[in-house]
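Taking UniProt numbering, the leading residue of the sequence shown gets 1, the next gets one more, and so forth. Structure record follows, encoded as structure tokens.
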Amino acid sequence: MCELHYRRARTTGTTGDPHLNNLLHYAVAPTGCWEWQGARYSNGYGKTSRQIHGTRLAQRVLYAEHCGPIPEGAELDHLCRNRACVNPGHLEPVARAVNIQRGYDARQGGRCKNGHDLTRSDAYYVEPKSGRRQCRECWRRNYRTARRNLNARRAVQPKAS
1 MCELHYRRAR TTGTTGDPHL NNLLHYAVAP TGCWEWQGAR YSNGYGKTSR QIHGTRLAQR
61 VLYAEHCGPI PEGAELDHLC RNRACVNPGH LEPVARAVNI QRGYDARQGG RCKNGHDLTR
121 SDAYYVEPKS GRRQCRECWR RNYRTARRNL NARRAVQPKA S
């Protein structure tokens, strides 16, 4: 037994990590979320600290403990959209772009900034070069307006002699 585990066994009676007991600072909400009751960052995410690892997101620590390591470069997406939730069943490791897009879609409530329904499968137009998504109805309206303005400018310009 190494010195660390020997001291831990003498003071706590077990060689297990006492920090894991501190991770039980959550309350189960009616939605099934495990809402973090400990310290939180200003953006609402739970935080926990250890002397060895420093301050970390509580959701990442609990997910790693229950489900194993988080893939390199992945973020944990809250499927429940509750930032205080640390329930591993409500967390999914995804790429940053996917996490951002899901959050954006959830904030919009299934509608674009002009109120068009975005829940249909053909609701988005994806620009080939940039990969940027846009509401198809808004794209059509903007395209028609641009074409109309271009044709109007061409009609007004005098022909060169």
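Where is the CB? At the ideal position from N, CA and C, for every residue including glycine. Given the structure is predicted, the values throughout are model-derived calculations rather than measurements.
With burial defined as no fewer than 16 other Cβ atoms inside 10 Å of the residue's Cβ, what is the status of residue i: buried or exposed?
i    : result
T48  : buried
V156 : exposed
Y143 : exposed
Y26  : buried
Ordered along the chain, which non-local residues of its own chain (more than five positions away) have a Cβ less than 7 Å from that of residue i?
i    : result
A106 : R81
Y63  : I70, L76, P88 and L91
C85  : C33, W34, E35 and H78
G60  : In the sequence on display, residue 60 carries Arg and not Gly. Within the same chain, R60 has close Cβ partners I70 and L76.
Can you tell me whether DSSP reads residue i as helix, strand or coil?
i           : result
L118        : coil
R54         : Looking at the sequence provided, one finds Gly at residue 54 rather than Arg. Strand, per DSSP.
E92         : strand
L150        : helix
C2          : coil
Q101        : helix
residue 225 : In the structure as shown, the chain begins at 1 and stops at 161. Residue 225 is therefore absent and cannot be evaluated.
Residue i bridges to which residues according to DSSP?
i    : result
E35  : A27 and C85
R111 : D117
C135 : Y124
G46  : R40
E75  : V94
Taking 8 Å as the limit between beta carbons, can you name the residues of its chain near residue i, skipping five residues before and five after?
i    : result
L118 : D105, Q108, G110, R111, C112, Y124 and C135
A146 : none
R56  : K47, T48, S49 and R50
Please work out which residues of its chain come closer than 6 Å, Cβ to Cβ, to residue i, disregarding the five sequence neighbours upstream and downstream, and give them in chain order.
i    : result
V126 : R133
H116 : C135 and E137
Just to confirm, does residue i get its C-beta within under 6 Å of one of the non-hydrogen atoms of the ligand FMN?
i   : result
K47 : As presented, the structure is devoid of all ligands, the ligand FMN included, so that no description of it is given.
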